[in-house]
Every structure is written in structure tokens, then in C-alpha cells.
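Student:
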Ligand code: AMP
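Residue numbers (the working numbering): 5 to 218.
1. Alpha carbon to alpha carbon, what distance is there between residue 25 and residue 75?
2. Residue 218: buried (16+ other C-beta within 10 angstroms of its C-beta) or exposed?
3. Quick one: any contact between the segment 99-109 and the segment 120-140, if contact means 3 or more CB pairs under 8 Å?
4. Kindly give me the distance between the Cβ atoms of residue 53 and residue 42, rounded to whole angstroms, as I take these residues to be in contact under 8 Å.
5. Give the range of the beta strand (DSSP E) segment to which residue 191 is assigned.
6. Can you tell which of 110, 79, 60 and 95 has its C-alpha closest to the C-alpha of residue 193?
7. What I want to know is whether the C-beta of residue 141 ends up closer than 7 Å to one or more non-hydrogen atoms of the ligand SAM.
8. Verify whether the separation of the beta carbon atoms of residue 166 and residue 175 is less than 8 Å.
9. Look up residue 88 in the DSSP assignment and give the residues it is bridged to.
10. From the DSSP output, which residues share a beta bridge with residue 132?
11. Check residue 153 in the structure and name its three-state DSSP category.
12. By how many angstroms is the C-alpha of residue 35 removed from the C-alpha of residue 69?
13. Just to check, is the beta-carbon of residue 162 closer than 7 Å to a non-hydrogen atom of the ligand AMP?
14. Less than 8 Å between the beta carbons of residue 13 and residue 94, yes or no?
15. For the pair the segment 130-139 and the segment 149-166, tell me if three or more CB-CB distances fall below 8 Å.
16. Taking only heavy atoms of the ligand AMP into account, decide whether any of them is closer than 7 Å to the Cβ of residue 13.
17. Express the C-alpha separation of residue 146 and residue 119 in angstroms, rounding to a whole number.
18. Within 7 Å: the Cβ of residue 39 and any heavy atom of the ligand AMP?
19. Just to check, is the beta-carbon of residue 47 closer than 7 Å to a non-hydrogen atom of the ligand AMP?
20. With a threshold of 16 other CB atoms inside 10 Å of the CB of residue 17, please say whether the residue is buried or exposed.
21. Is the distance from the Cβ of residue 10 to the Cβ of residue 209 below 8 Å?
Next comes the structure, spelled out in C-alpha cells:
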């Protein structure tokens, strides 16, 4: 199954993607995670991407499209994938259509997580990630047992640089301008399913599963 997870920063795409990949047995393709890995590894891609990420802007389409195109050729994608954080612009959505067409494939579903905009800043501000294994926590909604320490591996949990309030506001603006229009694009193709993104993580996941019929 080939699925796109759409929704603003802080809607819970990463959390829900991690649950979905377990259920479906397909990989999560998170362009944000791929870029953060490149930054951590100190690659030229990471150095280029970091400047955009730190400002809350988008990494140029050509870079992202190349990255995703390459990732989709990896054999683990043969049974499908969850795209999380891609596409984010009309150009990326069009490039994805072309890539899929070349491979004689199509998208199955586009799930859009809907969260009131006034909730997003506080949701993101409380977000913490494990530096070691990538597990995700929230100071209020799903805290680790010991603050700053990952339950899963004992690694250090931290706040992403771009999760600080001033950067978050910029990311939300960029989302409204560049990514929100994709909701209409996929609705027009009959692929869009709107999922209320408020409530408990398990409750939201149940809505996704029901919508997908899996
Ligand atoms: P995320 O983890 O999805 O919130 O992404 C973090 C940051 O990585 C974004 O704010 C962008 O700077 C960059 N990024 C991730 N995915 C994309 C994308 N599809 N297009 C452009 N920039 C991206």
C-alpha cells in the first residue's frame, strides 16, 4: 500500500506513521528524518539542508525530489510505503506522480491529519525525540518515565532545533502557503481522507486504520 500522510507540523504524522508501518509491514519514508540523518552524518546534503531547516523553510525541491526518487528504488519499497513529510509542494507532488507513473504504480490513499492551528505550537513545543533510537515523546501527552531519558534505549531525549517557538511559527506559515494546497490537489484525485488528529494517539490510530480498512 502506498500512502501519503499529510498535515501540518505537529499534527502527529511521525507518531502515526510509526504505528502504521508496524501494522502494514512497509517502510516509513520521512524526508525530515532523512535530512536530519544527513545533518548528523555531516554530509554535503546535510550541510545544505541545515540552513533551510534552521530557518523553518523548505529544502529546495530538486534536492528533495532526487532524495525520494532514489529511496523509492530501494527493494524494501516493493510492498509499499508511508510517505511522511513528502510531498510538501506542488512541484514535489507532480514529481511523485511522474515517478510512480514511470514505475507503473499509483498511490492508494492520502490521509490528512487535521488539528486546530491553535493547538499546534504547544504540541510541537513539548515534543522530545531520542537522539539514539528516534523514539518520540511529549512532555505532557506521552512523557518518558524519566525526563530526558528514552524509555526504549536509555538514550538522551532532546528538542529538535526547529521545534523552538519562533521556528515553528515560520514552519506553520510555510505549511499554509506551500503544503496545504496539496489537500485540494489530492481531494480532486479522489484519494484524500480527512482524519481528526485530536485525542489519544491510539484513538487517532484507530481512525486511520478504519479509514484504510486494514
Ligand atoms: P519534518 O521532520 O517533516 O517536520 O521536516 C523538518 C524540516 O526538514 C522541514 O521544516 C524542512 O526544512 C525539511 N523538509 C522535510 N521534508 C521536506 C520536504 N518534503 N521538502 C522540503 N523540505 C523538507
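Just so it is clear, CB atoms sit at the ideal spot from N, CA and C, and this is done for glycine as well.
The structure displayed is predicted, hence computed values, not measured ones.
Tutor: Result, derived from the coordinates:
1. Rounded to the nearest whole angstrom, the C-alpha separation of residue 75 and residue 25 is 16 Å.
2. Flag for residue 218 reads exposed.
3. Here the segment 99-109 makes no contact with the segment 120-140; the two share fewer than three CB pairs at distances below 8 Å.
4. The C-beta distance from residue 53 to residue 42 rounds to 6 Å, short enough to meet the 8 Å contact threshold.
5. Where residue 191 is concerned, there is no enclosing beta strand (DSSP E), although the alpha helix (DSSP H) it sits in stretches over 185-192.
6. Out of 110, 79, 60 and 95, 110 has the C-alpha closest to the C-alpha of residue 193.
7. The model depicted lacks the ligand SAM and carries the ligand AMP instead.
8. Taking 8 Å as the cut-off, the Cβ atoms of residue 166 and residue 175 count as close.
9. Looking at the DSSP assignment, residue 88 forms a beta bridge with 9 and 34.
10. Answer is 141, bridged to residue 132.
11. In this structure, residue 153 counts as strand in the three-state DSSP scheme.
12. About 10 Å.
13. No, since every heavy atom of the ligand AMP falls outside the 7 Å radius drawn around the Cβ of residue 162.
14. Judged by beta-carbon spacing, residue 94 lies beyond the 8 Å limit of residue 13, meaning their Cβ atoms are not closer than that value.
15. Contact holds: three or more Cβ-Cβ distances are below 8 Å.
16. Yes, the beta carbon of residue 13 sits closer than 7 Å to at least one heavy atom of the ligand AMP.
17. Spanning the two alpha carbons is a distance of roughly 17 Å.
18. Correct: residue 39 has its Cβ closer than 7 Å to the ligand AMP.
19. For residue 47, the CB stays at least 7 Å from every heavy atom of the ligand AMP.
20. With 16 or more Cβ atoms within 10 Å of its Cβ, residue 17 is classed as buried.
21. No, these two residues do not count as a Cβ contact at 8 Å.
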